[in-house]
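Here is the structure we will look at.
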Amino acid sequence: MAFETAFSMDTSSIKYGPGITREVGWDMEEQGARRVMVVTDQNMTASDPVSVALESLRKHNIDAVLFDQASVEPTDISFKEAIKFAADGNFDGFVAVGGGSSMDTAKAANLYSTYPADLMTYVNPPIGKGTPIPGPLKPLVAVPTTAGTGSETTGVAIFDYLEMNAKTGIAHRALRPVKGLIDPNNTRSLPKMVAACTGLDQLTHALEAMTALPYNQRPAPEHPKMRPAYQGANPISDIWASRAIEMIAKSLVRVIEDPSNDAARGEILLAATYAGIGFGNGGVHLAHGMSYPVSGTVREYVPEGYPPGHPIVPHGMAVVLHAPAVFRFTASANPELHLHAARLMGTDISGAHPEEAGEVLSKAVVDLMRKVGMPNGLKAVGFGPEDVDKLVEGTLPQHRVTKLSPRPASAEDLEQLFLDSMTLW
Ligand SMILES: [Zn+2]
651 MAFETAFSMD TSSIKYGPGI TREVGWDMEE QGARRVMVVT DQNMTASDPV SVALESLRKH
711 NIDAVLFDQA SVEPTDISFK EAIKFAADGN FDGFVAVGGG SSMDTAKAAN LYSTYPADLM
771 TYVNPPIGKG TPIPGPLKPL VAVPTTAGTG SETTGVAIFD YLEMNAKTGI AHRALRPVKG
831 LIDPNNTRSL PKMVAACTGL DQLTHALEAM TALPYNQRPA PEHPKMRPAY QGANPISDIW
891 ASRAIEMIAK SLVRVIEDPS NDAARGEILL AATYAGIGFG NGGVHLAHGM SYPVSGTVRE
951 YVPEGYPPGH PIVPHGMAVV LHAPAVFRFT ASANPELHLH AARLMGTDIS GAHPEEAGEV
1011 LSKAVVDLMR KVGMPNGLKA VGFGPEDVDK LVEGTLPQHR VTKLSPRPAS AEDLEQLFLD
1071 SMTLW
């Protein structure tokens, strides 16, 4: 087998600045759009970011049609609703205003209204067919209002496939927004728990991108078009991931304690984008793979600050709950790198031995989790050892990410990782 010898950096064009949302009309005009579908979720319908975006589009004589039915955790069914709206609406451009779910919904609406097909056609194998996207899509400009998913920079759209009780997605460069507008004004009213979960999601994105299987240990693609978006750790994604880790470790607690701290909030939003560029090219691995069945099979847990009656383990929480066990497991693949990551988080590693690398990095993650109020492991969100078999079963199909683990994880390894994630401190 020949190994990969190339890597690439793909990202959206990024524009950062307080108040930049009011330029979205110009950005779409520049793309030649005349009739735009504006995708958001119901919690955002009456929000400032949405009204500023609509006003800006209309000022530029663009016919802007609001679709506010993006699901907070998108499913195949909610994707299909957005796709139908897009297909009926005859749009020549898309704007997403919201969290990762609104951005991912806009990506799906754009893809399937441009190249109509059964939903499973472009979905990652083995759950879907994984057919490459045939050509360019219509322009999509993303305006994130949470700081965490980095979806504005990536060609990935994630959803719950209800029949399988698991998250899966579509990953292709063509899905990437043409531009991300990073506006710190848009995250001012983020509830504390949402800010904590999305912040820890971006931390995990960066840590996983950095520790992923290196790109040159992945099989070479048969054709350049088969080169995956998630290429494995590489010299470019490392730069973005490293800087994101430092920024999040420095500013996340400050944002949670004082959301009016404009500088810290701006830094976290920028870090989300950096982490997005890091993992959008390098990839994520086990903590993400293991999070999908957890989010997909939650029973009763509702985090503080989330609407009652809707059990949810938010994506960032589901991911970071596995991070301590995962980095203890992967450290042996490259102890120096795991120590380096802990150092970027602010840990003094001067006396640390390579054998302690996993423990040192896990402790840095756990310390930050405790400071921002994360629950203490899977048990605290309603799972027990009796659920482990099902969770392993739900993780195994997540090849797209789990195969980027720097240390291969068997079903037995995953079982142990879930058990180790039950209680963290
Ligand atoms: Zn994530």
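If you're matching positions, the sequence shown starts at 651 in this note's numbering and goes up one per residue. For glycine and all other residues, C-beta sits at the position ideal for the given N, C-alpha and C. Keep in mind it's a predicted model, so treat the numbers as computed, not measured.
Taking each of Gly-739, Asn-835, Pro-874 and Ala-975 in turn and checking the Cα distance to Val-688, the smallest one comes out for Gly-739. Inside the stretch 867-938, DSSP marks whole alpha helix (DSSP H) runs of 4 or more residues at positions 885-907 and 912-932, from first to last along the chain.
In the structure shown, the three-state DSSP call for Val-806 is strand.
Under the three-state reduction of DSSP output, Asp-998 falls in the coil class, being neither helix nor strand. Using a 10 angstroms sphere on the CB of Trp-890, the tally of other CB atoms reaches 16 or more, which defines it as buried. The nearest non-hydrogen atom of ligand 1 is 8 Å or more from the C-beta of His-972. Per DSSP, the continuous beta strand (DSSP E) segment holding Tyr-666 begins and ends at 663-666. Proximity of the beta carbon of Gly-966 to ligand 1 is indicated: a heavy atom of the ligand is located closer than 8 Å.
Residue environment for Thr-861: buried (at least 16 other C-beta atoms within 10 angstroms of its C-beta).
Taking non-hydrogen atoms of ligand 1 into account, the C-beta of His-873 is found less than 8 Å away from none of them.
Nearest in C-alpha terms to Thr-796, of all of Ala-652, Glu-917, Asn-884 and Leu-840, is Leu-840. When beta bridges are read from the DSSP output, Asp-713 appears opposite Arg-685. Between Phe-809 and Tyr-880, the C-beta gap is not smaller than 9 Å, which leaves the two residues out of contact. Between Leu-1074 and Gly-1008, the C-beta gap is not smaller than 9 Å, which leaves the two residues out of contact. Within the DSSP bridge table, the entry for Ala-816 names Tyr-811 as partners. The beta carbon of Val-1010 is closer than 8 Å to those of His-988, Leu-989, Ala-992, Thr-997, Ile-999 and Ala-1002 in its chain, skipping five residues each way along the sequence. Taking a cut-off of 8 Å for Cβ pairs, the stretch 769-783 and the stretch 826-836 do not touch, as fewer than three such pairs fall below it. Between ligand 1 and the CB of Asp-851, the shortest heavy atom gap is smaller than 8 Å.
For Thr-818, the shortest separation between its Cβ and any heavy atom of ligand 1 does not lie below 8 Å.
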